[in-house]
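If you want the numbering used here, it's the position in the sequence shown, counting the first as 1, plus 270. Structure record follows, encoded as structure tokens.
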Amino acid sequence: MNTRMICRVLGLILLILAALLLLPLFVGLLYGERVGNFLITIAVSGAAGFLLTRVRPETSVLYAREGFVIVGLSWILLSLLGALPFFLSGSIPHYADALFETASGLSTTGATVVTDIEAMPRGDMFWRLFTHWLGGMGVLVFLMAVLPMSGEHSMHIMRAEVPGPTVGKLVPRLRKTARTLYLIYLGLTALETIFLLCGGMSFYEALLHAFSTAGTGGFSTRASSIGGFESAYIEGVVTVFMFLFGVNFNLYFLILIGRWREALKNEELHWYLGIIAASVLLLAAGIRGLYGGIGTALRHAFFNTAAIISTTGFGTVDFTAWPEYCKWILILLMFCGGCAGSTGGGLKLSRLLILGKSMAVSLRQMARPRSVTRVQLDGRRVEDGTVRAAALFFAFYMALLLLFSLLVSLDGFDVATSFTAALSCLSNIGPGMTPLIGPAGSFAVFSVRSKLLLSLAMLLGRLEIYPIFVLLSPRTWKK
271 MNTRMICRVL
281 GLILLILAAL
291 LLLPLFVGLL
301 YGERVGNFLI
311 TIAVSGAAGF
321 LLTRVRPETS
331 VLYAREGFVI
341 VGLSWILLSL
351 LGALPFFLSG
361 SIPHYADALF
371 ETASGLSTTG
381 ATVVTDIEAM
391 PRGDMFWRLF
401 THWLGGMGVL
411 VFLMAVLPMS
421 GEHSMHIMRA
431 EVPGPTVGKL
441 VPRLRKTART
451 LYLIYLGLTA
461 LETIFLLCGG
471 MSFYEALLHA
481 FSTAGTGGFS
491 TRASSIGGFE
501 SAYIEGVVTV
511 FMFLFGVNFN
521 LYFLILIGRW
531 REALKNEELH
541 WYLGIIAASV
551 LLLAAGIRGL
561 YGGIGTALRH
571 AFFNTAAIIS
581 TTGFGTVDFT
591 AWPEYCKWIL
601 ILLMFCGGCA
611 GSTGGGLKLS
621 RLLILGKSMA
631 VSLRQMARPR
641 SVTRVQLDGR
651 RVEDGTVRAA
661 ALFFAFYMAL
671 LLLFSLLVSL
681 DGFDVATSFT
691 AALSCLSNIG
701 PGMTPLIGPA
711 GSFAVFSVRS
721 KLLLSLAMLL
731 GRLEIYPIFV
741 LLSPRTWKK
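Okay, here's the thing in structure tokens:
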């Protein structure tokens, strides 16, 4: 274990955190607010980061184990320190609540314990929604984009942080790959900000909601979320960008370099579009009687389908009042999640495709034992190791979902509340499927124990389980 190199990378992460906290500090000064909470956090993070970067490693080589440990520790440290501004300012008086809110922001979940959102100081609000943007593409990917890392071995960090069954380079140099991803991410964020400004939003709210959409998070500056703006145009813009941020970013890169036909032939994209179209039609048919016409029903169905499958979790209406079969469609979309390589959460559509195709191959081989059939995606064979990894991840995911549901149920809430709270946090969705924790509710109803458990579930979901498992395993720390 290259402990010295791990310390050095963690120090760089804390220095970057201190630098990023200057943004909400500046916003607080701009609006005439007290910014002592940010100054203290910057001082703590900067001092710790400086001390850790003084550690001189004998070698800069990083292997898979170090990559997982760095990613797991980084996200835990960022959650712990990122909660300090909320706690110190008093906007979230209890540290466990502040930790929950920060973990929810960084993991791009969007579940909240804040009941009076509009009363939060502007600087704190900026930091709250900015955590979505940071967590969406990944803090370690940002580090690789702005600082030189340890050559090809930093690929282990990207594999541990970037969601999906497989991770590869867009270009030969990994640092350039990280920069390319962030440039696409930044460009889409800026584009959405411009469109929201055209809809009458202030620059402050347009930028923050673009941050939240880009990270597929779901925090808003208003308690009633996007529905509070009462604008079909704003809903339409946010819907389109939720859909776009749920698409694999590799496809945008292919389009930028002129290989758009290859991008449009992507099998995962076809299923993504098909599932959205089918869900919108089924939901609209089920809720048309609630909204007085098929037009309004289609509008709400499209928005909420995009919000759930992209795992953004914005709200316009309270879907917990929808018919039961509509709620089941949304629960299935929670499991599904966005595409691999997107900022969305969930199981990822590519994994479900691999598992579905693997099941079909197994059934064919049962009927024809001598046949040789391989799992294929986009016309290419999927390696057996990737198929096994997808099946193993699914097993881990379902086991954790049941475990967290069981532990949260100790608070005494009904099965639907406990189960969808665990599902929402593990899939990084945000709202649950009951009035208590739905679009109009809050996770403040849970005990401190459950909030800490759900915070862990959010980090497990965002990092796709393995970095936290490796970090907590005693075998990791043995020679």
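Don't be surprised by glycine CBs; every beta carbon is placed ideally from N, CA and C.
Where the alpha helix (DSSP H) containing leucine 602 begins and where it ends: To locate residue 602, count along the sequence shown from 1; it is residue 332. It spans 594-606 - the alpha helix (DSSP H) in which leucine 602 sits, taken as one unbroken run.
Inter-residue spacing [alpha-carbon to alpha-carbon] between leucine 321 and leucine 290: Within the sequence shown, numbered from 1, the residue matching residue 321 stands at position 51. Within the sequence shown, numbered from 1, the residue matching residue 290 stands at position 20. So the two alpha carbons sit approximately 18 Å from each other.
Simplified DSSP assignment, three categories, for leucine 348: In the sequence shown, the residue the question calls residue 348 occupies position 78. The DSSP-derived three-state label of leucine 348 is helix.
Inter-residue spacing [alpha-carbon to alpha-carbon] between threonine 372 and phenylalanine 489: Residue 372 sits at position 102 when you count from the first residue of the sequence shown. Residue 489 sits at position 219 when you count from the first residue of the sequence shown. Straight across, the Cα-Cα distance linking threonine 372 with phenylalanine 489 is about 11 Å.
Simplified DSSP state of leucine 647, which is helix, strand or coil: Position 377 of the sequence shown, counting from 1, holds the residue named residue 647. Residue state, collapsed to three classes: strand.
Beta-carbon gap between methionine 390 and proline 327 smaller than 8 Å: Translated into positions along the sequence shown, residue 390 becomes position 120. Translated into positions along the sequence shown, residue 327 becomes position 57. Contact: no.
Touching by the beta-carbon criterion (3+ pairs, under 8 Å), the stretch 490-497 and the stretch 384-402: These segments touch.
Spatial distance of alanine 567 from phenylalanine 296 (CA atoms): Here residue 567 corresponds to residue number 297 of the sequence shown, with the count starting at 1. Here residue 296 corresponds to residue number 26 of the sequence shown, with the count starting at 1. One C-alpha to the other measures close to 42 Å.
The stretch 476-489 touching the stretch 526-544, judged by at least three CB pairs closer than 8 Å: At 8 Å Cβ cutoff, the stretches do not touch.
Span of the alpha helix (DSSP H), counted from its first residue to its last, around alanine 484: On the sequence shown, residue 484 is found 214 positions in, with the first residue counted as 1. Here the alpha helix (DSSP H) through alanine 484 covers 473-484.
Outcome for leucine 617 when other beta-carbon atoms lying within 10 angstroms are tallied against a minimum of 16: The sequence position of residue 617 within the sequence shown is 347, counting from 1. Leucine 617 should be labelled buried.
Inter-residue spacing [alpha-carbon to alpha-carbon] between valine 740 and valine 339: Position 470 of the sequence shown, counted from the first residue, corresponds to residue 740. Position 69 of the sequence shown, counted from the first residue, corresponds to residue 339. C-alpha of valine 740 to C-alpha of valine 339: approximately 7 Å in a straight line.
Given 8 Å, three or more beta-carbon pairs between the stretch 595-607 and the stretch 525-532: The answer is no - the stretch 525-532 does not touch the stretch 595-607, with fewer than three Cβ pairs under 8 Å.
Expected contact under 8 Å - CB spacing of phenylalanine 589 and glycine 708 to nearest Å: On the sequence shown, residue 589 is found 319 positions in, with the first residue counted as 1. On the sequence shown, residue 708 is found 438 positions in, with the first residue counted as 1. Right, their Cβ atoms sit about 7 Å apart.
Beta-carbon proximity list for valine 678, same chain, < 8 Å, skipping 5 on both sides: Counted from its first residue, the sequence shown places residue 678 at position 408. Same-chain partners within the cutoff: Ser688, Ala691, Ala692, Phe716, Ser720, Leu723 and Leu724.
Those runs of the alpha helix (DSSP H) which lie wholly inside the stretch 531-603 and span at least 4 residues: Entirely contained in the stretch 531-603, the alpha helix (DSSP H) runs reaching 4 residues are, in chain order, 537-557 and 564-579.
Residue range of the unbroken alpha helix (DSSP H) whose run includes threonine 401: Against the sequence shown, residue 401 aligns to sequence position 131. Segment 392-407, the alpha helix (DSSP H) holding threonine 401.
Selection from Ala669, Leu280 and Cys606 that minimises the alpha carbon distance to glutamate 336: Start at 1 with the first residue of the sequence shown, and residue 336 comes out as number 66. By alpha-carbon distance to glutamate 336, the top candidate from Ala669, Leu280 and Cys606 is Leu280.
Test item: CB-CB of alanine 353 and valine 718 under 8 Å: Residue mapping note: residue 353 aligns to position 83 of the sequence shown, counting from 1. Residue mapping note: residue 718 aligns to position 448 of the sequence shown, counting from 1. No, they are not a contact pair.
Selected residue, minimal CA-CA separation from lysine 627, among Glu653, Phe465 and Gly611: Working through the sequence shown from its first residue, we reach residue 627 at position 357. Out of Glu653, Phe465 and Gly611, Glu653 has the C-alpha closest to the C-alpha of lysine 627.
Cβ neighbours of threonine 643 in the same chain (closer than 6 Å, five flanking residues each side left out): The residue given as residue 643 occupies position 373 in the sequence shown. Shown here for threonine 643: same chain residues with a beta carbon closer than 6 Å to its own, the five before and five after excluded, namely Val631 and Arg634 in chain order.
Secondary structure of alanine 610, DSSP reduced to three states: For the purposes of this step, residue 610 is taken as the residue at position 340 of the sequence shown. Coil at alanine 610, not helix or strand.
Glycine 614 vs threonine 486 beta-carbon contact at 8 Å: Within the sequence shown, the letter at position 344 stands for residue 614. Within the sequence shown, the letter at position 216 stands for residue 486. With a cutoff of 8 Å on beta-carbon distance, glycine 614 and threonine 486 are scored as near each other.
Leucine 526 CB to nearest heavy atom of the ligand NAD below 7 Å: In the structure on display, the ligand NAD does not appear, and there are no ligands present to speak of.
Through-space distance from alanine 334 to methionine 271, alpha-carbon basis: Position 1 of the sequence shown, counting from 1, holds the residue named residue 271. Position 64 of the sequence shown, counting from 1, holds the residue named residue 334. Approximately 10 Å between the Cα atoms of the pair.
Neighbourhood of serine 752 by C-beta distance below 8 Å, restricted to the same chain and skipping five residues each side: Look at the range of the chain in this structure, 271 to 749, and you will see that residue 752 is not part of it.
Beta-carbon proximity check, serine 580 vs glycine 497, cutoff 8 Å: Taking the sequence shown and counting its residues from 1, one reaches residue 580 at position 310. Taking the sequence shown and counting its residues from 1, one reaches residue 497 at position 227. Not closer than 8 Å, so no.
CA nearest to the CA of threonine 656, picked from Leu680, Leu285, Ile624 and Arg278: Stepping through the sequence shown from its first residue, residue 656 is reached at position 386. When the alpha-carbon of threonine 656 is set against those of Leu680, Leu285, Ile624 and Arg278, the nearest one is in Ile624.
8 Å Cβ shell around serine 349 - same chain, five flanking residues per side excluded: Here the question's residue 349 lines up with position 79 in the sequence shown. Leu369, Thr372, Ala373, Leu376, Ser725 and Leu729, listed in sequence order.
Neighbourhood of asparagine 574 by C-beta distance below 6 Å, restricted to the same chain and skipping five residues each side: Taking the sequence shown and counting its residues from 1, the one referred to as residue 574 is at position 304. Phe589, listed in sequence order.
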